[in-house]
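In the working numbering, each number is its position in the sequence shown, counted from 1, plus 10.
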Amino acid sequence: MARVFSEYLMMSLLDVLLDLLLGLVLGTIGGLFGIGGGLIAIPVIGLFFGLDQQMAQGTALVMVVPNVVLAVWRYNQHNRIDLRQAAALAIPGLSCALLASRLALSLPAEVMRLFFVVFLLVLAFYNFYRLVTRAPSGGAQLRHGLFALGVLGAIAGVMGGLMAVGSAVVATPGLTSLFGASQVVAQGLSLALALPSTFVTLVSYALHGEVDWALGIPMAIGGLLSISWGVRLAHTLPEQALRAGFCLFLVISAVALYLK
């Protein structure tokens, strides 16, 4: 009996260490691209841990929420986030994320998975188009005002509620292409948008029992330890390299989730 208990304890510790390592990798990616790490965590969790789409999304949010908190702080240290612009994005985003998350929990898991794959591929195609057409680098000043930001926040909030981590991924290309923001400015604002909406979405998933806390908490710790590395790297890379990496990241995530 003692031997069986010892082997079980060793296996449990190994599982926790592997989850922690996974969180380290995903946290670095999340800081680099300003998305909290959840976008790639969802297909990885679904593929390697066998969780259905809703459970994978809810579990990924356990890591994403603290990662986003830390990433917002780090981005704000490098490029001061405009609080009025962040609020214009976040307030409608929060309301729409709450409604959309309820819809996501009522849909079949297979439908959600395929919808997520299409969502990633559309974003990858759009970012690739902007890369090959060599869209000009943006700046800190936005072309449009607070009302337009609110519309973008609402759209991003809907995708964030449905996909659990989609708000920042939608907002970032929208801010760079439509509002003329640089990649790092867009990623900082997008994270400020994602912070309240991801928290509300996590609460919704948790109340419906769609969270694996034993898996999510070690990943969250790993993400908190590494996300600052990704943020620092994001501010050292050239604009085009950051866009190319983001596009490749989206394609890899889509393929991984489709193969599940």
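Even glycine gets a Cβ: it sits at the ideal position worked out from N, Cα and C.
Since the model is a prediction, treat every value here as computed from it, not as a measurement.
| query | So what's alanine 70 in DSSP terms, helix, strand or just coil? | reply | Taken through DSSP and simplified to helix, strand or coil, alanine 70 comes out as helix.
| said: Residues in the same chain with beta-carbon distance under 8 Å from valine 26, minus the five sequence neighbours each way, listed in chain order, please. | reply: Result list for valine 26: Pro228, in chain order.
| field | Contacting residues, own chain, Cβ-Cβ under 6 Å from alanine 12 (five flanking each side not counted) | value | Only weak support exists for where alanine 12 lies, its pLDDT of 49 falling under 50; the coordinates are left without a value.
| field | Same chain, Cβ closer than 7 Å to alanine 119, neighbours up to 5 away in sequence not counted | value | The residues are Asp62, Gln63, Gln64.
| task | Have a look at cysteine 106 and arginine 94 and give me their C-alpha separation to the nearest angstrom. | result | In a straight line, the C-alpha of cysteine 106 is about 19 Å away from that of arginine 94.
| task | Take glycine 68 as the anchor and find which of Ala51, Gly167, Leu205, Gly163 has the nearest alpha-carbon. | result | The shortest C-alpha separation from glycine 68 is found at Ala51.
| field | At least 3 beta-carbon pairs within less than 8 Å: the stretch 24–43 vs the stretch 229–245 | value | Flag = yes, the stretch 24–43 and the stretch 229–245 touch.
| Just the Cα atoms here: how many angstroms apart are serine 116 and alanine 110? | Taking the straight line joining both Cα atoms gives about 10 Å.
| field | With 16 other Cβ atoms within 10 Å as the buried cut-off, status of phenylalanine 15 | value | Residue confidence is low: phenylalanine 15 scores 40 on pLDDT, short of 50, so the model does not pin down where it sits. Its coordinate-derived value is still stated next. Looking at its Cβ environment, which holds fewer than 16 other Cβ atoms inside 10 Å, phenylalanine 15 is exposed.
| query | What's the C-alpha gap between alanine 97 and leucine 152? | reply | Their Cα atoms are separated by approximately 15 Å.
| In its own chain, which residues sit with a C-beta less than 7 Å from the C-beta of glutamine 193, not counting the 5 before and 5 after it? | By the criterion of a C-beta distance shorter than 7 Å, glutamine 193 is surrounded in its chain by Thr186, Glu249, Leu252, Arg253, once the five residues flanking it on both sides are discounted.
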